[in-house]
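Protein chains in written order, with the working numbering: chain D, 2 to 264; chain P, 54 to 142. Positions of the beta carbon are idealized from the N, C-alpha and C atoms, including for glycine. What follows is a set of notes on a single structure, which appears directly below.
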Amino acid sequence: MAGKTIVVTSGKGGVGKTTTVANIGTMLAKKKYSVCMLDADIGLRNLDVVMGLENRIVYNLVDVIEGNCRKPQAMIRDRKLNNLCMIPAAQTREKNSVNPEQMKELCGELAEEFDYVIIDCPAGIEQGFKNAVAGAQTAIVVTTPEVSAIRDADRVIGLLEANLLKDIHLIINRLNHRMVKKGDMMSTADILSLLAVPLLGVVPESEDVVISTNRGVPLVHQRGSRAGRAFIQISARLNGEDVPFEEEKGDGFLGRMKRFMWS
Amino acid sequence: MLKAIRRFFGEKPSSQVARRRMQVVLMHDRMDLSPDVMESLKNDIMAVLARYMEIDQTSIRVDLEQGKDYTALVSNVHVKRVYRHAHSN
């Protein structure tokens, strides 16, 4: 049976696409699915450093597409999980060295081999975006609670729908519950009413994310991180599991105690 | 503290301001997303009007107008003649 191909996109840069890909990919692999992550951000590759696999790269996406190597040669296996691998983007090439038809073909082939193919889309809505989206059946749009990110997310959702990609889910990243409570940040409900796309999950703003990317170890490997827990839930929902949405809590005393016990 | 005083004097929380602004911005963005959508909107409006009146098919204009706290869709059409009974088609 063919696997699922999922593109993670956002329009705006720096909202957490690569972090999302790394964490969802890792978590699904932890659930024993075979997962291939594909970095489609040609010229600005980053998934390799976030995964901590930067010094194992020999071949890349463009090499696979141009036939300079066989597919398995470009797949870099994860350090911890045997059933997780990634194909890095080319760093010294341009976005138009690949076209949407080639990406579609590659994604189709990978979906035969893996349960999940997760594509890291570049920022913007040009050629790179069109390439990344071409082979996907499902799209995850990542946004933050800021006006610029939301506007770009809306634009991307419009473009995805025009591309006949209708299975679209939303992740709200870097939500600061304290600011929402004070009325200084748009809430989950605000954002959902603006974008009108089903919610996959909300990731709270957290220093843990920076620390985990520093180390090159995805958050879902760690226990006790709230952001990590959000990604665990997101992966479960993506996998069709029924995970209820938690009520948005601030950092109350009980919450802090609970977190203290967790870690 | 300063914020509390400002709130007291009727300043809205910034999240509300952001949401209100985004509602308007997204409406505009979606409207001029593609000329195709605009064209099919015009055609649909004309099809409905044509059941009630004879209109100048080339004269239709559709614009978004920004009021202080609303966005209005304004359409101008030249009417040539109004039918006595609505035509079913």
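Below-7 Å beta-carbon distance, residue i vs any chain P residue
i	result
residue 186 of chain D	yes
residue 134 of chain D	no
residue 171 of chain D	no
residue 200 of chain D	no
residue 12 of chain D	no
residue 116 of chain D	no
residue 63 of chain D	no
residue 151 of chain D	yes
residue 195 of chain D	yes
residue 155 of chain D	yes
residue 148 of chain D	yes
residue 191 of chain D	yes
For residue j and residue i, believed in contact at Cβ under 8 Å, the rounded distance
i	j	result
residue 12 of chain D	residue 154 of chain D	6 Å
residue 120 of chain D	residue 8 of chain D	4 Å
residue 62 of chain D	residue 91 of chain D	6 Å
residue 140 of chain D	residue 27 of chain D	That belief does not hold up - the Cβ atoms of residue 140 of chain D and residue 27 of chain D are roughly 20 Å apart, past 8 Å.
residue 235 of chain D	residue 202 of chain D	4 Å
residue 66 of chain D	residue 76 of chain D	Not a contact, Cβ separation roughly 14 Å.
residue 112 of chain D	residue 4 of chain D	5 Å
residue 38 of chain D	residue 22 of chain D	6 Å
residue 322 of chain D	residue 53 of chain D	Any question about residue 322 of chain D goes unanswered here, given that chain D covers just 2 to 264.
residue 187 of chain D	residue 219 of chain D	Not confirmed; about 27 Å, so no contact.
residue 79 of chain P	residue 160 of chain D	Not really, about 14 Å apart at Cβ, beyond 8 Å.
residue 94 of chain D	residue 86 of chain D	That pair is no contact at about 21 Å.
Buried or exposed by the 16-neighbour rule on C-beta atoms within 10 Å, applied to residue i
i	result
residue 158 of chain D	buried
residue 275 of chain D	Since the first residue shown for chain D is 2 and the last is 264, residue 275 of chain D is missing from the structure and cannot be characterised.
residue 71 of chain P	buried
residue 168 of chain D	exposed
residue 69 of chain D	exposed
residue 116 of chain P	exposed
residue 178 of chain D	buried
residue 132 of chain P	exposed
residue 197 of chain D	exposed
residue 216 of chain D	exposed
residue 112 of chain P	exposed
residue 47 of chain D	buried
residue 19 of chain D	buried
residue 64 of chain D	buried
residue 117 of chain D	buried
residue 83 of chain D	exposed
residue 88 of chain P	exposed
residue 152 of chain D	buried
residue 56 of chain D	exposed
residue 135 of chain P	exposed
Contact with chain D by residue i, beta-carbon distance below 7 Å
i	result
residue 70 of chain P	no
residue 55 of chain P	no
residue 80 of chain P	no
residue 66 of chain P	yes
residue 99 of chain P	no
residue 75 of chain P	yes
residue 139 of chain P	no
Item to check | beta strand (DSSP E) runs wholly inside the stretch 197-233 of chain D, at least 3 long, in chain order | outcome: 200-205
Checklist entry - Curious, which full-length alpha helix (DSSP H) runs of at least 4 residues does the stretch 13-58 of chain D contain? => result 18-31 and 48-52
Next on the checklist: As an exercise, report each continuous alpha helix (DSSP H) stretch of at least 4 residues that is fully enclosed by the stretch 87-170 of chain D, in chain order.
Outcome noted: 101-114, 128-135 and 148-163
Next on the checklist: Between the stretch 167-183 of chain D and the stretch 98-111 of chain P, can you find at least three pairs of beta-carbon atoms closer than 8 Å?
Outcome noted: no
Item to check | Inter-stretch contact (C-beta, 8 Å, three-pair minimum) for the stretch 90-107 of chain D and the stretch 121-133 of chain D | outcome: yes
Item to check | the stretch 232-251 of chain D contacting the stretch 209-218 of chain D, beta-carbon criterion three pairs below 8 Å | outcome: no
Checklist entry - Do the stretch 37-53 of chain D and the stretch 222-232 of chain D meet, that is, are 3 or more Cβ pairs less than 8 Å apart? => result no
Item to check | Length-filtered (3 minimum) beta strand (DSSP E) runs lying within the stretch 84-134 of chain P | outcome: 106-108, 114-119 and 124-129
Checklist entry - Taking a cut of 9 Å between CB atoms, which residues from the stretch 104-130 of chain D lie near chain B? => result Although the question refers to chain B, the structure presented lacks it and instead comprises the protein chains D and P.
Checklist entry - Below 8 Å, can you find three or more Cβ-Cβ pairs linking the stretch 181-195 of chain D to the stretch 57-77 of chain P? => result yes
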